[in-house]
Amino acid sequence: MLKIKNTQALFLRLIQVFNPRLIYAAGVVFFLLLAGLSFFPSTTARLDYYFYDLKHTAASSFRAPDNSLVVVGIDMKSLAGSSKRWPWPREDVAATLQLLGKLKPKGIVVDILFQSNDTEAGDAALASAIKELGNIVLISILEEKQSAQGLSLTRYTSLERFGKSALAEGFVWGVINDDGRLRSFRIQDERLNAKSAAFQAIKHFSPSTAGLQNLPEIAPVVFARKNGGIPVISVQDVIDNKAELKDFCRDKILILGVNAQVAHDYHSTSLGIISGSEILAASIDTILSDRIGKFYFLSWPARAGSVALGFLISWSTLMANFALIPALLCFAAISGFLLLVTELLLLHFPVAPLVVGWAVTSFALVTARYFDNLFSLQAMRYESATASLVQEQLLPAKELRFSEYKVFGVSMSASALGGDYFDYFVVRERYLLVIIGDATGHGVPAALAMAIGKATVLMGLEKDLSPAELIEAMNKILFKALSRKLMMTAALIWIDTETHEFEYRNCGHPYPYRFTVDGSIDQISASGLFLGTKATYSPAQPFKGVIQPGEKILCYSDGLIESMPVKNDEDAYVAFNNYLQSRPRLSAKEACSDILKNHPFFKLKQPQPDDFTVLMIERV
């Protein structure tokens, strides 16, 4: 529910900032893109195949093939051992079959097409060997062509005399995808009422044919490479009559094929370049091991579901305010889990629409949130600038001159809104009230405390409160308004401009400095608690004194002390005292500007860590 509300709020904010027609048009384009992913498989075909190859290659290492299969290859070693060029004379092929028959296999699938005549003696020898062995399955090839008249299907078989001698004949047909890779094989073809060589091999050589029921016409080839995969031996080793082959090949299904590179019977697959005889063996193993799977890459409901899932993952993570990296990790985990499950179930749903749907949705949401944040930031900056301007107006901008006194203060905030406060007033045309305060932290909360302090002082003046009563009022209001979440230090100086007597009340604020006529400086100390920490406030005894002609009192916030660049063994208060000693003796207004402008911290070229405020009282 929260994510729905966030989405609605985001949409409403965007149509307030941009032209609503632009937002609606962008939404239409977005959903058209998702629809295109659902109904046009070609948009993600290569990516779908890439993910399939990736997971299939990884899974093949954990799949063990049926142990009844052996590939017997006429390889480069076999061709080199023969004095004759390929294709061999039929007598040599017949002799090879007879040697294989002596190994007592369950059957032999010959992945060689004997389409043309050889010598009469050679053809007769081969036909005789096939008939004598009685367990030979030959192959045929199906070719599908598209012409102006429509789709035609042609079957190329071995010579009739060989077909009649064989136990059975089945076609081989690897399905080549648009990227040139073979990933599927045809098991049977209802148009010709024909069965594949893989089907025939299992039908005649497997003890159980239950797995042949309800087979689809096409299925993915599932390669099993655990423990080396289906073993491949060389025909030359058979010709050399190696003793270990007799036990190794007994009761096995042998697939005889040409895997010499010069024969060019190789195909690009998910696992790389593989010979045709090994692909045929893998096809037989796919059925034997009951690994019949199905591709759903072209199914629009599957693609639409994949797109919808990608949209849902992106929307649910990003609108739940996930950061980009956690959102990526979440998507990667879900995608990896889906790849694993689909490979285990052999139900190959399209993953590319999921990825692209997620990416498109994420891009749209991130872009929308970027513009939303951008305009929100601009609005915040405008509001902050306005608030800063308002806050500046809460502080006195001009020097106060009354009787023999000058009072001036200036503040530099660490952020747009500061927590330092100072003010000065003439009371009853005789007294001066000078106050400085510092709320903890800076920014909006500190500025709020500062505004509360200002309002309380103005209220106190209206009610003609004494300095002690004014401090109690400030404490009470700050305590109630801020619930002890913030506190404020303050210093209040009350001056009788006729007698020049003053009293200084401290509420946890740094002690002010007193500049005498002879050039020396010392601090005025008085104890007191922070404001806003307790419901009731008990003011401590104030410091009382007399301001002599030419004397000055400097009040300041703790930011000027805490930011002093000192070494570990140095005291920041001592360093600040030495800094004040080094400054020229100027009038109140000029002195305040000089103390801030030349503060040692600014030589570090670093961001200001806290608000800086100085205020000076001068008796002329």
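Residue numbers (this note's numbering): 766 to 1385.
From the three backbone atoms N, C-alpha and C, an ideal C-beta is built for every residue, glycine too.
{"Query": "Below 8 Å between beta carbons: does that hold for Thr919 and Glu934?", "Result": "no"}
{"Query": "Taking Ser803 and Trp1065 to be in contact with their CB atoms under 8 Å, please state how far apart those CB atoms are, rounded to whole angstroms.", "Result": "6 Å"}
{"Query": "Can you tell me where the beta strand (DSSP E) with Lys1309 in it begins and where it stops?", "Result": "Phe1308 to Val1311"}
{"Query": "Can you tell me where the beta strand (DSSP E) holding Pro985 begins and where it ends?", "Result": "Ile983 to Pro985"}
{"Query": "Between Ala966, Met1239, Leu1109 and Ala1025, which lies nearest to Pro843 when the distance is taken from Cα to Cα?", "Result": "The residue you asked about is not Pro; residue 843 is Ser in the sequence shown. Selected option, being the one with the closest Cα: Ala1025."}
{"Query": "Please confirm whether Met1177 and Leu1369 have their CB atoms less than 8 Å apart.", "Result": "no"}
{"Query": "Using a Cβ distance threshold of 8 Å, determine whether the stretch 845 to 855 contacts the stretch 1037 to 1052, with at least three qualifying pairs required.", "Result": "no"}
{"Query": "Skipping 5 residues on each side, what residues in its chain have a beta carbon closer than 6 Å to that of Val1209?", "Result": "Leu1182"}
{"Query": "Alpha carbon to alpha carbon, what distance is there between Val782 and Ala791?", "Result": "14 Å"}
{"Query": "Quick one: using the 10 Å Cβ neighbour count with 16 as the cut-off for buried, is Asp1055 buried or exposed?", "Result": "exposed"}
{"Query": "For Phe1013 and Asp831, what's the separation of their Cα atoms in angstroms?", "Result": "14 Å"}
{"Query": "Between Gln965 and Ala1088, what straight-line distance do the alpha-carbon atoms span, to the nearest angstrom?", "Result": "57 Å"}
{"Query": "How is Gln914 classed by DSSP in three states: helix, strand or coil?", "Result": "coil"}
{"Query": "Count Cβ pairs between the stretch 821 to 840 and the stretch 986 to 999 that sit closer than 8 Å; are there 3 or more?", "Result": "yes"}
{"Query": "Just to confirm my understanding: we take Arg1068, look at its own chain, exclude 5 residues before and 5 after, and list those with CB closer than 6 Å. What are they?", "Result": "Ser803, Pro1115 and Pro1118"}
{"Query": "Where does the unbroken alpha helix (DSSP H) through Arg948 begin, and where does it stop?", "Result": "Per DSSP, Arg948 belongs to no alpha helix (DSSP H); it is in the beta strand (DSSP E), Leu947 to Arg951."}
{"Query": "Could you say if the stretch 1204 to 1224 and the stretch 1246 to 1263 meet the contact criterion of at least three C-beta pairs nearer than 8 Å?", "Result": "yes"}
{"Query": "According to DSSP, what are the bridge partners of Leu1019?", "Result": "Val835 and Ile873"}
{"Query": "Grab me the residues of Leu924's own chain with a C-beta within less than 8 Å of its C-beta, minus the 5 sequence neighbours each way, in chain order.", "Result": "Phe879, Gln880, Ser881, Asn882 and Asp888"}
{"Query": "Indicate whether Ser930 and Ile895 have their beta-carbon atoms separated by less than 8 Å.", "Result": "yes"}
{"Query": "Hey, which unbroken runs of the alpha helix (DSSP H) at 4 residues or more fall wholly within the stretch 1128 to 1216?", "Result": "none"}
{"Query": "To the nearest whole angstrom, what separates the beta carbons of Ile1258 and Tyr1269, a pair I think is in contact under 8 Å?", "Result": "5 Å"}
{"Query": "Leaving out the 5 sequence neighbours to the left and right, which residues in its chain are closer than 7 Å to Leu916 when beta-carbon positions are compared?", "Result": "Glu909"}
{"Query": "So Gly1293 and Gly1273 are supposed to be a Cβ contact under 8 Å. How far apart are they, rounded?", "Result": "6 Å"}
{"Query": "Let me check understanding here. Comparing Cα to Cα, which of Pro1365, Leu1351 and Asp1203 lies closest to Met1329?", "Result": "Pro1365"}
{"Query": "Given this structure, state the Cα-to-Cα distance separating Lys960 from Gly801, to the nearest angstrom.", "Result": "37 Å"}
{"Query": "Rounded to a whole number of angstroms, what is the C-alpha to C-alpha distance between Ser1168 and Phe1140?", "Result": "52 Å"}
{"Query": "Within its chain, find whatever has a CB closer than 8 Å to the CB of Met766; leave out the 5 residues flanking it on each side and keep chain order.", "Result": "Confidence at Met766 is low in this model, with a pLDDT of 49, below 50, so the placement of that residue should be treated as unreliable; the coordinate-derived value is given next. Closer than 8 Å at Cβ, skipping near neighbours: no residue."}
{"Query": "What do you get for Ile1387, buried or exposed, if any count of 16 or more other CB atoms within 10 angstroms of its CB means buried?", "Result": "Beyond the ends of the chain as shown, which are 766 and 1385, falls residue 1387; an answer cannot be given."}
{"Query": "Between the alpha carbons of Thr922 and Pro1091, how many angstroms are there, rounded?", "Result": "59 Å"}
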